[in-house]
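Trainee:
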Amino acid sequence: MTMLPERAPGAKKLGLVIDLDTCVGCHACAVNCKEWNTGGEAGILPDYDKYGPEPDGVWFNRIHSYETDGEGGSRTVNVPRSCLHCEDALCVTVCPTGASYKRVQDGIVLVDTDKCIGCQLCSWACPYGARELDEKAGVMRKCTLCIDRIYDENLPPAEREPACVATCPSRARHFGDLADPDSKVSKLVKERGGVDLLPGLGYRPTNKYLPPRRATIPTAPVKPPAPSGKGIGTALLGLLDKALSR
Amino acid sequence: MKPAASVLLLTTSTGFGFGLLAWLGAYSALGLLPGHARILVVVGVATALLFASFGLGASMFHLERKERAWRAFSQWRSSWLSREGVAAVLTYPVAIAFAAVFWRDGQVIWTRLLGVAALVASLGTVYCTAMIYASLKPIRQWHNRHTAPDYLLYAVFSGAVLFATLHTMDLGAPGATASVAAAAAAGVALIAKRAYWRHIDTQTPLATLAAAIGLPKGVEARPLDAPHFTENFILRQMGFAVARRHAVKLRRMVLAIGFALPLACSILAGLALAPMATTTLAVACAGIGLLLERWLFFAEATHVSAVYYGRRI
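As given, the protein sequences belong to chains A and B, one line each in that order.
Residue numbering for the first sequence follows this note's numbering, beginning at 42 and increasing consecutively.
Residue numbering for the second sequence follows this note's numbering, beginning at 1285 and increasing consecutively.
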């Protein structure tokens, strides 16, 4: 059903918190996502023209790098972009078949690829560009928040997190329940002033981004090195230096 | 947004078909059809359904998994695309019943009522089509108060020129009412299109790159490295930017071919100047002009997600 579910009291709101301050833009999250969700010719994240001049394919996660100017100087900001599992997910309500849906119990937005007709309207409805067409299977693909990892009881509890979070070498990605104010992710959002992307459009995304912190650390101005040594030798060398510098 | 041939044909052709059906329904409801106009009604409804069917058939080519298309009738509670499908399918029995009863009984109270039903069903379907675009918040050129009335207007206009042609074929002249209706619809459509362009030209982008990546106000951002070196699905669909260089010329062509020529032709036909030739020319021009107009509607539309790639939105 593509009506958005009424959120039950106490229901989880699973999502990611991404730290733009510590993300180094290494693309490891995107690569591990592709690995876990299977790339290749017929994978869920298929590749086209893999070794040709125009390689292309489906990715759940895309990493942009930007240059920013503002208070505190210029800096590079790396922004991983994936499905934000919005509360007002227009991609769900526009779906004519019921293939696109939002789970009641945890808010994860999924595509039932057995029902999808590949009309691509959901990709038009998403302002974040998070949905991509699988041109091989003719259905839409999107981030599942690694639903097949986070609920897998055969995995050790510490590994029950999305592939992108598990692999991040700078610990810039965090996974948890954003409906629980005491969860690690909710506390992070509170402490660091986590924000929504494109808040003006009103999709109410679940995933939050932690803004970059001060770009520069104040340091004392650099002084020229003091002349080393004293006496007639140093004075003569000083004179020689002055004469030669002319 | 990338203009897909299937969607351009869908919206233009169903506009002609459902527009024509709306005019036949309106004429019947108002008792403007002569009692002996059985052939006009039956041929008119058949033509309308042919245009609508061609458009709906073309839309199938937009689907990657056509064999599952039946599923699209299920989500009418939330999806305008689903509503469009349901409304289109419901219009067929109404139109067929209208034509059948008119054929048997001519102009009676039942054909008046069925005329109203055909009018409501056909324009209702066009409205659903328009709302598919008007409801998409990431596309400022679509998500505005112009889109829905404009689609209705272009359907009424294209239906009017088609109706005048059929009227001429059956009765030798388009008649004063049909000529005036076609000319007036062309004029209003022209004004509406110009108002729409003025509106989208004065809009501001939905977001800045800084807002799109969650940076506070006053921070400037520009792309440094893209996530990939080749065009992907998102850029092909949402980053389409081919038309904008030629937009001014293409807009003039839409106004001239799509609206001004049919307007002139309808006036000439109304003055009984070669009505068969002028009404047919009006239909041909409206068809070409509206296809071009629809192409621009897509090509000039920008999607907010392209801002992540530093493209103009």
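Each residue gets a CB set at the ideal place from its N, CA and C atoms; glycine is no exception.
Check this for me: beta carbons of Thr1298(B) and Ala1448(B), under 8 Å apart or not?
Mentor: Residue numbering aside, residue 1298(B) sits at position 14 when the second sequence is read from its first letter. Residue numbering aside, residue 1448(B) sits at position 164 when the second sequence is read from its first letter. No, the Cβ-Cβ distance between Thr1298(B) and Ala1448(B) is not below 8 Å.
Trainee: Could you spell out where the beta strand (DSSP E) holding Gly111(A) opens and where it closes?
Mentor: By 1-based counting over the first sequence, the position of residue 111(A) is 70. Taken as a continuous stretch (DSSP letters only), the beta strand (DSSP E) holding Gly111(A) covers 103-111.
Trainee: Check for me: the beta strand (DSSP E) holding Tyr250(A) runs from which residue to which?
Mentor: Position 209 of the first sequence, counted from the first residue, corresponds to residue 250(A). From DSSP, the beta strand (DSSP E) with Tyr250(A) extends over 249-251.
Trainee: Per DSSP, Val182(A) is paired with what?
Mentor: As a working mapping, residue 182(A) is identified with position 141 in the first sequence. In the sequence as presented, Val is not what sits at residue 182(A); that position holds Arg. DSSP lists Glu173(A) as partners of Arg182(A).
Trainee: I believe Ala204(A) touches Trp77(A) by the beta-carbon criterion, under 8 Å. Please report the beta-carbon distance rounded to the nearest angstrom.
Mentor: Here residue 204(A) refers to the residue found at position 163 of the first sequence. Here residue 77(A) refers to the residue found at position 36 of the first sequence. 4 Å between Cβ atoms; contact.
Trainee: From this set, Leu1519(B), Ile1541(B), Glu1351(B), which residue's C-alpha is nearest Gly1594(B)'s C-alpha?
Mentor: In the second sequence, residue 1594(B) corresponds to position 310, counting from 1. Among Leu1519(B), Ile1541(B), Glu1351(B), the Cα nearest to that of Gly1594(B) belongs to Leu1519(B).
Trainee: Identify whether Ile59(A) lies in helix, strand or coil by the three-state DSSP scheme.
Mentor: If you number the first sequence from 1, residue 59(A) lands on position 18. Ile59(A): strand per DSSP, three-state reduction.
Trainee: How many whole angstroms separate the CB atoms of Ile149(A) and Ile85(A), which I take to be in contact at a CB cut-off of 8 Å?
Mentor: Reading the first sequence from its first residue, position 108 is the one you call residue 149(A). Reading the first sequence from its first residue, position 44 is the one you call residue 85(A). That pair is no contact at about 16 Å.
Trainee: By the criterion of Cβ-Cβ separation under 8 Å, what are the contact partners of Thr12(A) in chain B?
Mentor: Coverage of chain A is limited to positions 42 through 287, which leaves residue 12(A) absent and any answer about it impossible.
Trainee: With respect to the beta strand (DSSP E) encompassing Pro1507(B), which residues constitute its N-terminal and C-terminal limits?
Mentor: Counted from its first residue, the second sequence places residue 1507(B) at position 223. From DSSP, the beta strand (DSSP E) with Pro1507(B) extends over 1504-1509.
Trainee: Under 8 Å between C-beta atoms, does Lys156(A) make it to chain B?
Mentor: As a position in the first sequence, residue 156(A) is number 115, starting the count at 1. So, interface residue.
Trainee: In the DSSP assignment, the beta strand (DSSP E) including Tyr142(A) goes from what residue to what residue?
Mentor: The residue labelled residue 142(A) in the question sits at position 101 within the first sequence. Per DSSP, Tyr142(A) belongs to the beta strand (DSSP E) from 141-143.
Trainee: Do Tyr244(A) and Ala130(A) have their C-beta atoms within less than 8 Å of each other?
Mentor: Here the question's residue 244(A) lines up with position 203 in the first sequence. Here the question's residue 130(A) lines up with position 89 in the first sequence. Cβ atoms of Tyr244(A) and Ala130(A): closer than 8 Å.
Trainee: What's the call for Arg1482(B), buried or exposed, on a 16-neighbour Cβ count within 10 Å?
Mentor: One-based indexing of the second sequence puts residue 1482(B) at position 198. Per the 10 Å Cβ criterion, exposed.
Trainee: Let me see if you follow: with CB-CB separation under 8 Å, is Pro1511(B) close to chain A or not?
Mentor: As a first step, residue 1511(B) is located in the second sequence; it is residue number 227 there, counting from the start. Yes, Pro1511(B) counts as interfacial toward chain A.
Trainee: Do Ala1439(B) and Val1464(B) have their beta-carbon atoms positioned less than 8 Å apart in this structure?
Mentor: Stepping through the second sequence from its first residue, residue 1464(B) is reached at position 180. Stepping through the second sequence from its first residue, residue 1439(B) is reached at position 155. Result no, Cβ atoms of Val1464(B) and Ala1439(B) do not sit closer than 8 Å.
Trainee: For the segment 156-173 of chain A, which residues have a beta carbon sitting closer than 9 Å to at least one beta carbon of chain B?
Mentor: Residues Lys156, Cys157, Ile158, Gly159, Cys160, Gln161, Leu162, Ser164, Trp165, Ala166, Cys167, Pro168, Tyr169, Gly170, Ala171, Arg172, Glu173.
Trainee: Alpha carbons only, please: which of Ser1406(B), Leu1403(B), Asp1434(B), Leu1407(B) is nearest the one belonging to Tyr1417(B)?
Mentor: Residue mapping note: residue 1417(B) aligns to position 133 of the second sequence, counting from 1. Residue Asp1434(B) is the option with its Cα nearest to Tyr1417(B).
Trainee: Let me check understanding here. Comparing Cα to Cα, which of Lys143(A), Gly114(A), Phe101(A) lies closest to Cys124(A)?
Mentor: Here residue 124(A) refers to the residue found at position 83 when the first sequence is read from its first residue. When each option's Cα is compared against that of Cys124(A), the closest is Phe101(A).
Trainee: Using a Cβ-Cβ cut-off of less than 8 Å, give me the residues of the segment 1420-1431 of chain B that come near chain A, in sequence order.
Mentor: The residues in question are Leu1420, Lys1421, Pro1422, Ile1423.
Trainee: If you measure from the beta carbon of Glu1504(B) to each beta carbon in chain A, is any gap under 8 Å?
Mentor: For the purposes of this step, residue 1504(B) is taken as the residue at position 220 of the second sequence. Cβ-Cβ to chain A under 8 Å: yes for Glu1504(B).
Trainee: In whole angstroms, what separates the C-alpha of Val1326(B) from that of Gly241(A)?
Mentor: Along the second sequence, one-based indexing puts residue 1326(B) at 42. Along the first sequence, one-based indexing puts residue 241(A) at 200. Looking at the two C-alpha atoms, the distance is approximately 51 Å.
Trainee: Report all residues from its chain with a CB closer than 8 Å to the CB of Lys264(A); omit the five preceding and five following residues, and keep chain order.
Mentor: Mapped onto the first sequence, residue 264(A) falls at position 223. If we look at Lys264(A) and ignore the five residues flanking it on each side, it has no Cβ neighbours.
Trainee: Bridge partners of Gly217(A), per DSSP?
Mentor: Indexing the first sequence from 1 puts residue 217(A) at position 176. Gly217(A) is bridged to Gly56(A).
Trainee: With distances taken between CB atoms, is the gap from Ser1442(B) to Pro137(A) smaller than 8 Å?
Mentor: As a first step, residue 1442(B) must be located in the second sequence, where it is residue number 158. As a first step, residue 137(A) must be located in the first sequence, where it is residue number 96. Contact: no.
Trainee: Rounding to the nearest angstrom, what Cα-Cα distance links Lys223(A) and Glu200(A) in this structure?
Mentor: Taking the first sequence and counting its residues from 1, the one referred to as residue 223(A) is at position 182. Taking the first sequence and counting its residues from 1, the one referred to as residue 200(A) is at position 159. One point to set straight first is that residue 223(A) is Asp, not Lys, in the sequence displayed. Straight-line Cα distance between these residues: approximately 21 Å.
Trainee: Would you call Ile1604(B) buried or exposed, if buried means 16 or more other Cβ atoms sit within 10 Å of its Cβ?
Mentor: It is not possible to answer for residue 1604(B), since the shown part of chain B is limited to 1285 through 1597.
Trainee: Do the CB positions of Val135(A) and Ala166(A) come within less than 8 Å of each other?
Mentor: Against the first sequence, residue 135(A) aligns to sequence position 94. Against the first sequence, residue 166(A) aligns to sequence position 125. Cβ distance < 8 Å, so Val135(A) and Ala166(A) count as in contact.
Trainee: Between the C-alpha atoms of Phe1513(B) and Gly1498(B), what's the straight-line distance to the nearest angstrom?
Mentor: Numbered from 1 along the second sequence, position 229 holds the residue referred to as residue 1513(B). Numbered from 1 along the second sequence, position 214 holds the residue referred to as residue 1498(B). Distance between the alpha carbons of Phe1513(B) and Gly1498(B) is about 24 Å.
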